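A.B. asks:
Number of protein chains: 2
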Amino acid sequence: MNTLELIQKNLDTFSKSERKVAEVIIASAQIAIHSSIATLAKMADVSEPTVNRFCRRLDTKGFPDFKLHLAQSLAHGTPYVNRNVDEDDGPSAYTAKIFESTMACLDVAKNALDTSLINRAVDVLTQANKISFFGLGASSSVAHDALNKFFRFNIPVSCFDDIVMQKMSCINSTEGDVIVLISHTGRTKALVEVAQLARENDAFVIALTASGSPLALQSNLVLSVSVPEDTDIYMPMASRIAQLVLIDVLATGFTLRRGPKFRDNLKRVKEGIKDSRFDKFNLKS
Amino acid sequence: MNTLELIQKNLDTFSKSERKVAEVIIASAQIAIHSSIATLAKMADVSEPTVNRFCRRLDTKGFPDFKLHLAQSLAHGTPYVNRNVDEDDGPSAYTAKIFESTMACLDVAKNALDTSLINRAVDVLTQANKISFFGLGASSSVAHDALNKFFRFNIPVSCFDDIVMQKMSCINSTEGDVIVLISHTGRTKALVEVAQLARENDAFVIALTASGSPLALQSNLVLSVSVPEDTDIYMPMASRIAQLVLIDVLATGFTLRRGPKFRDNLKRVKEGIKDSRFDKFNLKS
DNA sequence: TTTAGTCTGTAATAAAATGACATGTTGTCA
DNA sequence: TGACAACATGTCATTTTATTACAGACTAAA
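Residue numbers (the working numbering), protein chains in the order written: chain A, 33 to 317; chain B, 33 to 317.
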């Protein structure tokens with residue numbers, strides 16, 4: 033838990049002198065972490081043991097330990113994290129807010145992920161005869177990205193963002209096929225139907241979606257990126273970013289599982305596209 | 033600058049004893065920040081002043097100051113940051129590494145961005161008659177995503193990942209049209225040609241690419257996400273994630289610039305797709 | 001081997017944090 | 001209103017921690 037927030041929240045549980053300390057720290061945390069207990073006591077106009085008691089009240093071992101906690105909370109906890117974009121934010125403000133909230137979302141997603149399920153998913157993917165990635169709306173670009181990643185592995189992959197094509201593809205699927213469905217909410221009716229269809233035709237369905245959603249219930253394996261839903265209209269869909277990173281994770285797991293021989297393949301793909309690029313050191317070529 | 037990285041980088045500038053200290057700190061940084069100089073000295077099997085000298089060599093005021101720096105660097109930088117995935121990493125390890133390195137990349141990208149250019153780009157976009165997003169390969173899914181975002185603004189937008197369509201679209205462009213080109217390296221020949229074509233036809237070209245690249249040179253405005261290039265085959269293309277976040281930033285800037293009336297539009301779009309979803313509280317509907 | 005230079009440790013000193021205790025303050029109840 | 005209790009706060013002593021000064025040891029070049 034962020035120490036600075038913690039102080040702010042418990043502001044009214046402190047005594048008079050302790051609050052003085054709290055206020056000084058909130059006002060100038062950067063200075064506080066570089067001061068000795070004596071200096072800070074003088075700044076807050078209290079005695080040194082008071083500062084010490086203040087620290088203990090915040091579940092730290094003492095003043096030095098408190099400084100450490102505070103320093104850490106200042107390090108990540110840049111002010112904007114989790115704060116929404118505001119109407120009168122300038123470019124620097126909204127840029128920082130969006131980047132930081134995206135990073136915070138990734139952190140949440142990372143901690144919420146079940147790596148044993150990831151391992152399972154990688155298992156299934158490596159043994160698949162054919163892999164399909166389907167998404168609709170915003171999620172279709174995630175599917176598209178997944179195609180791009182897995183395509184390099186030189187295995188049969190496909191990706192459709194057309195619901196008719198998706199359904200047709202499912203009808204033609206057989207055992208050994210893996211369908212990866214991507215949906216933020218997991219409540220898109222069409223995609224739930226696709227999941228049903230796929231399972232009726234013996235395909236294995238992996239869903240990148242919210243756990244407990246209708247789509248999740250129809251799937252064989254659910255990888256949920258539990259990221260706060262985007263209630264705010266400004267809120268960029270950070271869940272989409274988390275899904276993309278999850279795709280990266282699956283692709284990496286896939287590569288690792290396939291072993292070293294397989295990795296040469298990847299190098300060849302990279303080499304293969306070189307001709308279509310300007311050489312880095314000879315731009316005019 | 034991240035203290036832990038700094039130590040690792042300067043490992044060979046240290047003397048024998050100082051390196052012992054460095055190694056202990058790298059191996060168990062979490063323990064180090066909670067230890068006194070005496071404890072740490074004992075752990076590294078050196079004297080206390082040596083530890084102190086070590087701290088000073090890293091541009092800190094002394095041991096307590098050093099601990100503070102280290103604590104901060106541990107706060108963001110969980111151990112895996114910037115470390116590549118290793119052949120014998122398990123699912124938890126590679127998942128964490130990928131998430132963390134992605135987050136680190138976003139942080140780098142955030143700090144490297146020029147917000148005045150973003151502001152400029154938003155200016156241009158809001159005044160555009162028509163906006164097109166083009167990308168090839170991995171970048172095409174970024175373009176696709178951008179389409180998805182800007183489509184909601186109810187303005188003419190298009191997105192092609194077909195080079196022929198891109199060129200045709202450029203030939204038909206006129207003044208007032210904005211073309212957003214997305215490329216990680218900025219050295220994809222085809223896309224550079226697209227940029228030239230677009231400019232010949234008086235379109236305004238915004239490039240999301242590496243600064244100084246051939247594509248950048250052909251563009252009117254460059255938004256560069258300077259993220260380390262992916263040298264490692266395992267390395268997920270974090271630059272792509274950074275580009276997506278940048279798209280979010282532009283879309284947000286766009287929304288803000290258009291003002292409150294415009295924001296009602298967004299709500300209508302959100303309402304509009306409700307029918308295609310299962311109701312959250314009535315899943316069987 | 002000597003010598004200049006750099007490391008490294010010991011021991012003394014200074015600084016910082018903590019603990020114990022005494023004083024002050026506030027509020028309650030007779 | 002006065003007395004007591006509970007809590008808050010500060011002073012001072014003690015302990016822990018960090019720093020400085022200095023001397024011995026090592027290393028590389030002459």
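Beta carbons are placed, not taken as given, at the ideal position from N, Cα and C, and that holds for glycine. Model, not experiment: these values are computed from the prediction.
How is phenylalanine 166 (chain A) classed by DSSP in three states: helix, strand or coil?
C.D. replies: Counting from 1 along the first sequence, the entry for residue 166 (chain A) is found at position 134. If DSSP states are grouped into helix, strand and coil, phenylalanine 166 (chain A) belongs with the strands.
A.B. asks: My guess is that glutamate 207 (chain B) and aspartate 234 (chain B) are in contact by the Cβ rule of under 8 angstroms, so how many angstroms apart are they, rounded?
C.D. replies: The sequence position of residue 207 (chain B) within the second sequence is 175, counting from 1. The sequence position of residue 234 (chain B) within the second sequence is 202, counting from 1. The Cβ separation is near 4 angstroms, so the contact holds.
A.B. asks: Taking DSSP as the reference, what is the three-state secondary structure of alanine 54 (chain A)?
C.D. replies: For the purposes of this step, residue 54 (chain A) is identified with residue 22 of the first sequence, where counting begins at 1. Note: alanine 54 (chain A) maps to helix in three-state DSSP.
A.B. asks: Starting from the beta carbon of proline 123 (chain B), find every residue of chain A whose beta carbon is closer than 8 angstroms, and list them in chain order.
C.D. replies: Position 91 of the second sequence, counted from the first residue, corresponds to residue 123 (chain B). Chain-ordered, the chain A residues with CB closer than 8 angstroms to the CB of proline 123 (chain B) read Thr147, Ser148, Ile150, Asn151, Val154 and Gly285.
A.B. asks: Just to make sure I have the definition right: I need the residues of chain A whose C-beta is within less than 8 angstroms of the C-beta of aspartate 194 (chain B). Which are they?
C.D. replies: As a first step, residue 194 (chain B) is located in the second sequence; it is residue number 162 there, counting from the start. Under the 8 angstroms cutoff, chain A gives no residues; its nearest Cβ is about 13 angstroms from aspartate 194 (chain B).
A.B. asks: What is the rounded straight-line gap between the Cα of phenylalanine 182 (chain B) and the Cα of cysteine 191 (chain A)?
C.D. replies: Translated into positions along the second sequence, residue 182 (chain B) becomes position 150. Translated into positions along the first sequence, residue 191 (chain A) becomes position 159. Rounded to the nearest angstrom, the two C-alpha atoms are 23 angstroms apart.
A.B. asks: Would you call the region 99 to 106 of chain A and the region 35 to 46 of chain A touching, i.e. three or more CB-CB distances under 8 angstroms?
C.D. replies: Under the 8 angstroms Cβ criterion, the region 99 to 106 of chain A counts as touching the region 35 to 46 of chain A, having at least three qualifying pairs.
A.B. asks: Let me know the alpha helix (DSSP H) ranges lying completely inside the region 234 to 263 of chain B, each 4 residues or longer, listed in chain order.
C.D. replies: 246 to 249
A.B. asks: Would isoleucine 273 (chain B) pass as an interface residue toward chain A - the criterion being a Cβ-Cβ separation below 9 angstroms?
C.D. replies: As a first step, residue 273 (chain B) is located in the second sequence; it is residue number 241 there, counting from the start. Answer yes: the Cβ-Cβ gap between isoleucine 273 (chain B) and chain A drops below 9 angstroms somewhere.
A.B. asks: List, in order along the chain, the chain B residues whose C-beta lies closer than 8 angstroms to that of histidine 216 (chain A)?
C.D. replies: Sequence index remark: in the first sequence, residue 216 (chain A) carries index 184 (1-based). Simply none; closest approach about 11 angstroms.
A.B. asks: Assign glutamate 50 (chain A) to buried or exposed, taking buried as 16 or more other Cβ atoms, counted over all protein chains shown, within 10 Å of its Cβ.
C.D. replies: As a position in the first sequence, residue 50 (chain A) is number 18, starting the count at 1. Its Cβ being crowded by 16 or more others within 10 Å, glutamate 50 (chain A) is buried.
A.B. asks: For valine 224 (chain A), report the span of its beta strand (DSSP E) as first-last.
C.D. replies: On the first sequence, position 192 is the one that residue 224 (chain A) refers to. The continuous stretches of beta strand (DSSP E) do not include valine 224 (chain A), which lies in the alpha helix (DSSP H) extending over residues 221 to 232.
A.B. asks: Run through DSSP, which three-state label would serine 60 (chain B) get?
C.D. replies: By one-based count along the second sequence, residue 60 (chain B) stands at place 28. It is coil, neither helix nor strand.
A.B. asks: Starting from the C-beta of lysine 48 (chain A), find all residues in its chain whose C-beta is less than 6 angstroms away, skip the five residues before and the five after it, and write them out in chain order.
C.D. replies: Locating residue 48 (chain A) in the first sequence gives position 16, counting from the first residue. So the list is empty, once near-sequence residues are dropped.
A.B. asks: For the alpha helix (DSSP H) containing isoleucine 39 (chain B), list its first residue and its last residue.
C.D. replies: Locating residue 39 (chain B) in the second sequence gives position 7, counting from the first residue. Counting along the chain, the alpha helix (DSSP H) containing isoleucine 39 (chain B) begins and ends at 35 to 41.
A.B. asks: Tell me which residues share the same chain as serine 201 (chain B) and place their Cβ nearer than 7 angstroms to its Cβ, disregarding the 5 neighbours each side in the sequence.
C.D. replies: The count along the second sequence starts at 1 and reaches residue 201 (chain B) at position 169. Taken in chain order, the residues that qualify are Ser164, Ser190 and Phe192.
A.B. asks: For valine 78 (chain B), does the three-state DSSP call read helix, strand or coil?
C.D. replies: In the second sequence, counting from the first residue as 1, residue 78 (chain B) sits at position 46. Looking at valine 78 (chain B) - three-state DSSP - the assignment turns out to be coil, as it is neither helix nor strand.
A.B. asks: Show which residues of chain B have a CB atom less than 8 angstroms away from the CB atom of glutamine 104 (chain A).
C.D. replies: Working through the first sequence from its first residue, we reach residue 104 (chain A) at position 72. Those are Ala103, Gln104, Leu106 and Ala107, listed as they occur along chain B.
A.B. asks: Less than 8 angstroms between C-beta atoms, sequence neighbours within five positions excluded: which residues of the same chain meet that for glycine 94 (chain B)?
C.D. replies: Within the second sequence, the letter at position 62 stands for residue 94 (chain B). Here the set comprises Asn84, Cys87 and Arg88.
A.B. asks: I want to verify the contact list: residues of chain A whose CB lies under 9 angstroms from the CB of glycine 167 (chain B), in sequence order.
C.D. replies: The count along the second sequence starts at 1 and reaches residue 167 (chain B) at position 135. What glycine 167 (chain B) touches in chain A: nothing, since even the nearest Cβ is about 10 angstroms away.
A.B. asks: Please check if any C-beta of chain A sits within less than 9 angstroms of the C-beta of alanine 70 (chain B).
C.D. replies: Looking up residue 70 (chain B) in the second sequence gives position 38. Judged by the 9 angstroms Cβ criterion, alanine 70 (chain B) is not in contact with chain A.
A.B. asks: Could you round the C-beta distance between valine 257 (chain B) and isoleucine 238 (chain B) to whole angstroms and report it? I think they count as a contact, below 8 angstroms.
C.D. replies: As a working note, residue 257 (chain B) is residue 225 in the second sequence. As a working note, residue 238 (chain B) is residue 206 in the second sequence. Their Cβ separation, rounded to whole angstroms, is 13 angstroms, which puts valine 257 (chain B) and isoleucine 238 (chain B) out of contact at 8 angstroms.
A.B. asks: Kindly list the residues whose CB is nearer than 8 angstroms to the CB of lysine 52 (chain B), restricted to its own chain and excluding five residues on each side of it in sequence; keep chain order.
C.D. replies: For the purposes of this step, residue 52 (chain B) is taken as the residue at position 20 of the second sequence. Only Ala76, Asp77 and Val78 meet the Cβ criterion.
A.B. asks: Contact between the region 237 to 251 of chain B and the region 236 to 256 of chain A: three or more CB pairs below 8 angstroms?
C.D. replies: Flag = no, the region 237 to 251 of chain B and the region 236 to 256 of chain A do not touch.
A.B. asks: Please classify leucine 213 (chain A): does DSSP put it in a helix, a strand, or coil?
C.D. replies: On the first sequence, residue 213 (chain A) is found 181 positions in, with the first residue counted as 1. Strand at leucine 213 (chain A).
A.B. asks: So with CB distances below 7 angstroms, who are the chain A contacts of phenylalanine 86 (chain B)?
C.D. replies: Counting from 1 along the second sequence, the entry for residue 86 (chain B) is found at position 54. Within chain A, no residue comes near phenylalanine 86 (chain B); the closest Cβ sits about 19 angstroms away, beyond 7 angstroms.
A.B. asks: Compare the Cα-Cα distances from phenylalanine 185 (chain B) to each of B:Arg290, B:Ser68, B:Gln62 and B:Ser60 and report the closest residue.
C.D. replies: By 1-based counting over the second sequence, the position of residue 185 (chain B) is 153. Of the candidates B:Arg290, B:Ser68, B:Gln62 and B:Ser60, the one whose C-alpha sits nearest the C-alpha of phenylalanine 185 (chain B) is B:Arg290.
A.B. asks: Taking just the CA atoms, how far does asparagine 143 (chain A) sit from asparagine 34 (chain A)?
C.D. replies: Here residue 34 (chain A) is taken as the residue at index 2 of the first sequence, counted from 1. Here residue 143 (chain A) is taken as the residue at index 111 of the first sequence, counted from 1. Between asparagine 34 (chain A) and asparagine 143 (chain A), the C-alpha separation is close to 16 angstroms.
A.B. asks: What are the start and end residues of the alpha helix (DSSP H) that includes valine 326 (chain B)?
C.D. replies: One cannot answer for residue 326 (chain B) here, as it falls past the ends of chain B, which runs 33 to 317.
A.B. asks: With DSSP as the reference, label phenylalanine 98 (chain B) as helix, strand or coil.
C.D. replies: Mapped onto the second sequence, residue 98 (chain B) falls at position 66. Correct three-state label for phenylalanine 98 (chain B): helix.
A.B. asks: Where do the ends of the beta strand (DSSP E) carrying valine 189 (chain B) lie?
C.D. replies: As a working mapping, residue 189 (chain B) is identified with position 157 in the second sequence. Counting along the chain, the beta strand (DSSP E) containing valine 189 (chain B) begins and ends at 189 to 192.
A.B. asks: If we define contact as Cβ-Cβ less than 9 angstroms, is valine 210 (chain A) a contact residue for chain B?
C.D. replies: Here residue 210 (chain A) refers to the residue found at position 178 of the first sequence. No, its Cβ sits nowhere closer than 9 angstroms to a Cβ of chain B.
A.B. asks: Buried or exposed, going by whether 16 or more other CB atoms sit within 10 Å of the CB of threonine 45 (chain B)?
C.D. replies: For the purposes of this step, residue 45 (chain B) is taken as residue 13 along the second sequence, with counting starting at 1. Classification for threonine 45 (chain B): exposed.
A.B. asks: What did DSSP end up calling methionine 269 (chain A) once you bin it into helix, strand or coil?
C.D. replies: Stepping through the first sequence from its first residue, residue 269 (chain A) is reached at position 237. Three-state DSSP puts methionine 269 (chain A) in coil, outside helix and strand.
A.B. asks: Between the C-alpha atoms of leucine 278 (chain B) and serine 133 (chain A), what's the straight-line distance to the nearest angstrom?
C.D. replies: Numbered from its first residue, the second sequence carries residue 278 (chain B) at position 246. Numbered from its first residue, the first sequence carries residue 133 (chain A) at position 101. Approximately 13 angstroms, taken between the alpha carbons.
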